[in-house]
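**Q** Same order as they appear, the protein sequences are chains S and R.
Going by the numbering used here, the first sequence opens with residue 122, and the numbers climb by one from there.
Going by the numbering used here, the second sequence opens with residue 122, and the numbers climb by one from there.
Beta carbons are placed, not taken as given, at the ideal position from N, Cα and C, and that holds for glycine.
Please read these numbers as outputs of a predicted model, since none were measured by experiment.
Number of protein chains: 2
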Amino acid sequence: MKLRRPVYVVGGAHTNYIGKFHPDFIWKKHPDFGKRQNPTLEDYIVTIINKTLEATGVDPSLIDKGYLGNFAGQLFSNQGHLGAMMPIAHEALGYKPLARVEAACASGGIAALASIDALQGMADVALVIGAEVQTSVSARQGADFLARASHYATERELDEFTFPCLFARRMKAYQETHGVSHADIAPVVAKAYANANKNPNAHMRTVTWIDEAFASGVNPKNPAFLRNEDYRDHLLISDCSQVSDGATGIIIATEEGLAKMGIDKSACTEIVAYGHSTSALGQVKDFTRLDNAEAAINEAYRDSGLSVADMGVGEVHDCFSVTEVLMYEALGLTGYGKGTEAAKDGSTQIDGRLPINTGGGLMAFGHPVGATGVKQIFEVHRQMKGQCGDYQMPTTPGVGLTANMGGDDRTTVVTIQRNT
Amino acid sequence: MKLRRPVYVVGGAHTNYIGKFHPDFIWKKHPDFGKRQNPTLEDYIVTIINKTLEATGVDPSLIDKGYLGNFAGQLFSNQGHLGAMMPIAHEALGYKPLARVEAACASGGIAALASIDALQGMADVALVIGAEVQTSVSARQGADFLARASHYATERELDEFTFPCLFARRMKAYQETHGVSHADIAPVVAKAYANANKNPNAHMRTVTWIDEAFASGVNPKNPAFLRNEDYRDHLLISDCSQVSDGATGIIIATEEGLAKMGIDKSACTEIVAYGHSTSALGQVKDFTRLDNAEAAINEAYRDSGLSVADMGVGEVHDCFSVTEVLMYEALGLTGYGKGTEAAKDGSTQIDGRLPINTGGGLMAFGHPVGATGVKQIFEVHRQMKGQCGDYQMPTTPGVGLTANMGGDDRTTVVTIQRNT
Chain S
122 MKLRRPVYVV
132 GGAHTNYIGK
142 FHPDFIWKKH
152 PDFGKRQNPT
162 LEDYIVTIIN
172 KTLEATGVDP
182 SLIDKGYLGN
192 FAGQLFSNQG
202 HLGAMMPIAH
212 EALGYKPLAR
222 VEAACASGGI
232 AALASIDALQ
242 GMADVALVIG
252 AEVQTSVSAR
262 QGADFLARAS
272 HYATERELDE
282 FTFPCLFARR
292 MKAYQETHGV
302 SHADIAPVVA
312 KAYANANKNP
322 NAHMRTVTWI
332 DEAFASGVNP
342 KNPAFLRNED
352 YRDHLLISDC
362 SQVSDGATGI
372 IIATEEGLAK
382 MGIDKSACTE
392 IVAYGHSTSA
402 LGQVKDFTRL
412 DNAEAAINEA
422 YRDSGLSVAD
432 MGVGEVHDCF
442 SVTEVLMYEA
452 LGLTGYGKGT
462 EAAKDGSTQI
472 DGRLPINTGG
482 GLMAFGHPVG
492 ATGVKQIFEV
502 HRQMKGQCGD
512 YQMPTTPGVG
522 LTANMGGDDR
532 TTVVTIQRNT
Chain R
122 MKLRRPVYVV
132 GGAHTNYIGK
142 FHPDFIWKKH
152 PDFGKRQNPT
162 LEDYIVTIIN
172 KTLEATGVDP
182 SLIDKGYLGN
192 FAGQLFSNQG
202 HLGAMMPIAH
212 EALGYKPLAR
222 VEAACASGGI
232 AALASIDALQ
242 GMADVALVIG
252 AEVQTSVSAR
262 QGADFLARAS
272 HYATERELDE
282 FTFPCLFARR
292 MKAYQETHGV
302 SHADIAPVVA
312 KAYANANKNP
322 NAHMRTVTWI
332 DEAFASGVNP
342 KNPAFLRNED
352 YRDHLLISDC
362 SQVSDGATGI
372 IIATEEGLAK
382 MGIDKSACTE
392 IVAYGHSTSA
402 LGQVKDFTRL
412 DNAEAAINEA
422 YRDSGLSVAD
432 MGVGEVHDCF
442 SVTEVLMYEA
452 LGLTGYGKGT
462 EAAKDGSTQI
472 DGRLPINTGG
482 GLMAFGHPVG
492 ATGVKQIFEV
502 HRQMKGQCGD
512 YQMPTTPGVG
522 LTANMGGDDR
532 TTVVTIQRNT
């Protein structure tokens with residue numbers, strides 16, 4: 122989609138992304154267990170709105186529209202109607218037009234697109250947040266909740282861990298079609314953890330034992346955990362993204378909006394085009410391709426007049442290690458079946474040709490589902506503005522892209538940003 | 122909100138709205154009980170998309186954006202990610218940009234607004250649907266699911282039927298402040314059922330025993346059913362909207378979109394402005410006012426340059442009888458505390474000064490939560506185009522409005538439509 126009115130990312134904020142293995146996460150082995158609780162979904166929403174306003178210096182009375190991306194608040198937190206949770210954060214948001222969108226793991230991306238669309242009309246400043254809490258129930262119960270992003274009636278039964286199994290199915294198809302092993306895919310995992318170890322917001326920032334050797338095959342700390350015997354061997358713990366709690370927020374605005382806020386375009390990045398594609402639940406055409414992502418990526422390339430050769434940074438959905446490999450191919454970074462080469466040869470490392478998921482991606486930065494799509498846009502912005510600290514790229518990128526995926530490549534949202 | 126690009130409602134479709142007391146609804150006393158099931162959420166989504174395409178004659182390949190309003194698919198149907206359910210209906214929707222929005226009972230209204238916003242950009246034709254299934258669990262379980270539209274952490278405990286109790290609280294405040302009784306409010310209920318009895322899509326179309334006398338006080342078939350003793354006396358069964366399954370779809374388009382589809386503007390209604398306001402969950406300021414609805418209504422009046430005196434038809438949220446009375450006041454149809462007069466004097470009857478909820482409203486047309494906001498827009502369109510059959514107004518309205526509310530007046534969406 123081309124834009125009629127240019128849209129700029131002003132800035133934003135992350136909470137820490139936390140969960141098991143994060144030092145702040147309260148669980149039975151934490152010294153504060155029983156003394157305090159992990160933050161609630163409401164806490165995350167309130168915190169991220171105020172952090173975003175503070176980080177950008179934006180007067181909330183100037184906000185013309187707000188969208189929140191969240192997948193499963195009704196399940197993990199007994200709470201829907203989250204647009205109306207937003208004014209709890211700040212009195213100035215009362216009577217504002219605020220709403221929640223839901224597209225599984227692409228909820229954050231959809232929140233951004235709905236906000237961009239609002240800026241095509243009479244709105245000039247939008248608040249986009251994503252927030253998710255997933256650690257309030259057991260992993261097994263959580264897996265059942267998350268399965269509502271698949272075609273539940275036909276796919277839930279694949280495995281008690283439905284989504285890992287859906288992607289083990291892709292991994293099996295990929296491995297068998299292209300003759301690759303876990304060792305070939307392990308560099309993608311190792312990159313994620315190496316990047317996250319430099320990122321203070323990352324869920325896995327202190328996890329240093331997951332490296333290429335660890336991720337190359339089964340070991341006692343890295344089991345194949347599925348029950349489904351057809352797919353079990355094809356997915357290890359290290360292939361998976363994290364069950365994280367967290368939130369990210371950004372402010373986006375038109376030129377008129379920037380003028381009202383007194384913000385110079387040079388402090389911003391521009392969203393030059395987006396892609397958004399949806400495919401039917403339960404009807405994957407080819408397990409070795411992300412054809413829905415390809416459609417969204419190609420739409421964004423077409424409408425921006427740019428191609429993969431122009432991209433200097435990328436945030437792509439790596440819900441599982443094979444997803445990132447398939448994303449390389451969908452982007453056109455490598456040919457079909459050649460995705461593992463881009464990981465092996467360093468192309469997607471922080472100092473590579475096209476750095477991908479510089480903060481650690483879903484695998485190691487973490488994956489609070491509804492936040493991820495917003496996080497991706499903010500991470501591209503931060504790399505462009507030199508805000509990434511220890512994981513800052515050596516060369517400031519001029520153009521970058523995000524690819525945020527819901528379910529088994531059933532919804533994909535792509536944005537292309539340009540540095541100003 | 123004013124629109125930069127004019128937006129037209131082309132047409133649409135309803136499924137029947139069904140549930141307890143509807144002759145097609147399968148429950149233990151239905152002759153087909155055990156032989157067949159009620160339609161699923163997927164059935165409703167697939168059906169309404171195809172009915173909408175058929176009713177409007179729109180080629181689905183021309184659709185540039187689609188939004189679906191749904192409140193609680195993840196709970197009642199174990200299914201989220203409903204944007205990706207839409208392409209199951211029609212192959213031509215594959216790779217289209219489709220997504221779900223959620224704002225409790227205003228989910229349908231938000232689906233319409235997000236689509237209108239998309240038409241402010243480069244999109245020209247949008248599909249807007251709302252669908253909900255709520256009859257898949259017991260009434261008690263359902264009440265817990267629906268409580269996720271309130272501030273669950275603080276409001277759930279009010280009563281096992283949380284939402285009826287929230288509005289019993291408003292009824293009590295209204296009755297005590299203004300000295301009115303159930304008998305004063307009963308004409309609103311009687312109007313809803315009288316209108317629905319003429320509406321073949323209505324959930325309560327065959328229920329003829331609910332009239333003004335019935336709704337005026339407790340009787341064996343019309344109990345005060347809450348457990349909360351503070352509020353019990355203030356809400357009867359007849360004050361409540363229905364737990365319905367159902368779906369509605371519409372097509373909206375820009376002038377360019379109409380040209381592509383070969384549809385003349387004269388067949389359409391125009392959406393001239395909208396209002397959208399949100400207030401913090403759990404923080405109602407005055408139980409005797411819908412201040413959030415007032416904010417959205419006043420925004421729409423301001424941005425359309427119209428007032429209540431211009432309105433010829435209205436669809437307003439009547440989740441409970443008192444809500445409709447409060448809506449009359451929020452619209453400015455009557456002064457504060459005078460809403461019951463508009464019901465008593467016939468002003469809002471089909472042949473009155475400002476007919477409201479001509480098809481029976483949420484109380485008797487039914488309230489499949491996510492569909493309601495879309496239904497309201499389509500109903501205003503249908504009255505303007507003379508499509509309402511036995512409940513067609515005697516005078517064709519030139520201007521009309523919708524007011525769709527989420528939760529306890531925490532999200533309100535208002536649209537103003539003009540006949541062409």
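If you draw a straight line from the C-alpha of R:LEU483 to the C-alpha of R:THR493, how long is it?
**A** So the alpha carbons of these two residues sit roughly 8 angstroms apart.
**Q** Who are the near neighbours of S:GLU420 in its chain, counting only those whose CB is closer than 6 angstroms to its CB and skipping five residues on each side?
**A** Cβ within range, chain order: GLY396.
**Q** Output yes if chain S places a C-beta closer than 8 angstroms to the C-beta of R:VAL222; else output no.
**A** Closer than 8 angstroms: yes.
**Q** Where do the N-terminal and C-terminal ends of the beta strand (DSSP E) with R:LEU124 fall, by residue?
**A** Counting along the chain, the beta strand (DSSP E) containing R:LEU124 begins and ends at 123 to 135.
**Q** Does the beta-carbon distance from S:ARG531 to S:LEU411 come in below 8 angstroms?
**A** Contact flag unset, no.
**Q** Taking Cβ to Cβ, would you say R:THR375 is nearer than 8 angstroms to R:PRO218?
**A** Cβ atoms of R:THR375 and R:PRO218: not closer than 8 angstroms.
**Q** When Cβ atoms are compared, which residues of the region 223 to 256 of chain R fall closer than 7 angstroms to chain S?
**A** Listed by position, the residues of the region 223 to 256 of chain R near chain S (Cβ gap below 7 angstroms) are GLU223, ALA224, ALA225, ILE231, ALA235, ASP238, ALA239, GLN241, GLY242, MET243.
**Q** I'd like to know whether the C-beta of S:ALA149 is nearer than 8 angstroms to at least one C-beta of chain R.
**A** Looking at the sequence shown, residue 149 of chain S is not Ala but Lys. No, no contact with chain R.
**Q** Is the Cβ of R:SER400 closer than 8 angstroms to any Cβ of chain S?
**A** With 8 angstroms as the cut-off, R:SER400 counts as an interface residue toward chain S.
**Q** Output needed for R:GLY194: all residues of its chain with C-beta closer than 7 angstroms, excluding positions within five of it in sequence on either side, in chain order.
**A** Within the same chain, R:GLY194 has close Cβ partners LEU162, GLN200, GLY201, LEU203.
**Q** For the region 432 to 450 of chain R, list every residue whose C-beta sits within 7 angstroms of some C-beta in chain S, in sequence order.
**A** Correct list: empty, as no residue qualifies.
**Q** Under 7 angstroms Cβ-Cβ, which residues of chain R neighbour S:PHE192?
**A** Per Cβ cutoff of 7 angstroms: GLY201.
**Q** So with CB distances below 9 angstroms, who are the chain R contacts of S:ASN340?
**A** Correct list: empty, because the minimum Cβ distance to chain R is about 34 angstroms.
**Q** For S:GLY358, I'd like the list of residues in its chain whose CB is within less than 8 angstroms of its CB, leaving aside the five on either flank, ordered along the chain.
**A** Reading off the sequence shown, one finds Ile at residue 358 of chain S, where the question assumed Gly. The answer, listed in chain order, is LYS342, ASN343, PRO344, PHE346.
**Q** Quick check on the DSSP output: what are the complete alpha helix (DSSP H) runs of length 4 or more inside the region 347 to 417 of chain R, in order along the chain?
**A** Entirely contained in the region 347 to 417 of chain R, the alpha helix (DSSP H) runs reaching 4 residues are, in chain order, 376 to 382.
**Q** Under the three-state reduction of DSSP, which class applies to R:CYS286: helix, strand or coil?
**A** Helix, per DSSP.
**Q** Quick check on R:MET526 - is its C-beta less than 8 angstroms from some C-beta in chain A?
**A** Given the protein chain composition of this structure (S and R), no chain A is represented.
**Q** In its own chain, which residues sit with a C-beta less than 6 angstroms from the C-beta of R:ALA307, not counting the 5 before and 5 after it?
**A** Closer than 6 angstroms at the Cβ level, and outside the excluded window around R:ALA307, lie GLU333, ALA336, SER337.
**Q** So S:ALA464 packs on S:VAL309, CB below 8 angstroms; how close in whole Å?
**A** The Cβ separation is near 4 angstroms, so the contact holds.
**Q** Residues of chain S with CB closer than 8 angstroms to the CB of R:ARG290, please, in chain order.
**A** Ordered by position in chain S, no residue passes the 8 angstroms Cβ test against R:ARG290, which lies about 17 angstroms from the chain.
**Q** Could you say if the region 485 to 505 of chain R and the region 218 to 236 of chain R meet the contact criterion of at least three C-beta pairs nearer than 8 angstroms?
**A** Segments in contact, yes.
**Q** Measure the C-alpha to C-alpha separation of S:HIS488 and S:LEU379 and round it to an integer number of angstroms.
**A** For S:HIS488 and S:LEU379, the distance between alpha carbons rounds to 31 angstroms.
**Q** What residues are listed by DSSP as bridge partners for S:GLU223?
**A** For S:GLU223, which the question treats as bridged, DSSP gives the partners R:ARG221.
**Q** Where R:ILE372 and S:TYR422 are concerned, what is the direct C-alpha to C-alpha distance, given to the nearest angstrom?
**A** If you take the alpha carbons of R:ILE372 and S:TYR422, they lie about 28 angstroms apart.
**Q** For the region 508 to 540 of chain R, which residues have a beta carbon sitting closer than 7 angstroms to at least one beta carbon of chain S?
**A** From the region 508 to 540 of chain R, only GLY527, GLY528, ARG531, THR532 have a Cβ closer than 7 angstroms to chain S.
**Q** For chain S, is any of its Cβ atoms less than 8 angstroms away from the one on R:GLY370?
**A** Cβ-Cβ to chain S under 8 angstroms: no for R:GLY370.
**Q** Which first and last residues belong to the alpha helix (DSSP H) in which S:THR177 is found?
**A** Its alpha helix (DSSP H) spans residues 162 to 177.
**Q** Does the region 516 to 528 of chain R come close enough to the region 427 to 436 of chain R to have 3 or more Cβ pairs within less than 8 angstroms?
**A** Segments in contact, yes.
**Q** Can you list, in chain order, the residues of the region 469 to 502 of chain R whose Cβ is nearer than 7 angstroms to any Cβ on chain S?
**A** From the region 469 to 502 of chain R, no residue has a Cβ closer than 7 angstroms to chain S.
**Q** Can you list the residues of chain S that R:PRO218 reaches, using a CB-CB cut of under 7 angstroms?
**A** Those are HIS397, SER398, THR399, listed as they occur along chain S.
**Q** Against chain S, with Cβ distances strictly below 8 angstroms, would R:HIS380 count as a contact?
**A** A small correction: the amino acid at residue 380 of chain R is Ala; His does not occupy that position in the sequence shown. False, the Cβ-Cβ gap to chain S never drops below 8 angstroms.
**Q** Less than 8 angstroms between the C-beta atoms of S:ALA524 and S:THR533, yes or no?
**A** Yes, these two residues count as a Cβ contact at 8 angstroms.
**Q** Determine the contact status of S:GLY133 and S:ALA176, defining contact as a CB-CB distance below 8 angstroms.
**A** Yes; because the gap between Cβ atoms is below 8 angstroms, this pair is in contact.
**Q** The beta strand (DSSP E) with R:MET526 in it runs from where to where?
**A** Here the beta strand (DSSP E) through R:MET526 covers 520 to 527.
**Q** Sort out for me which residues DSSP pairs R:VAL534 with in a bridge.
**A** BP columns for R:VAL534 point to R:HIS397, R:ASN525.
**Q** Thinking C-beta only, is R:GLY187 closer than 8 angstroms to R:LEU279?
**A** Going by C-beta atoms, R:LEU279 is not nearer than 8 angstroms to R:GLY187.
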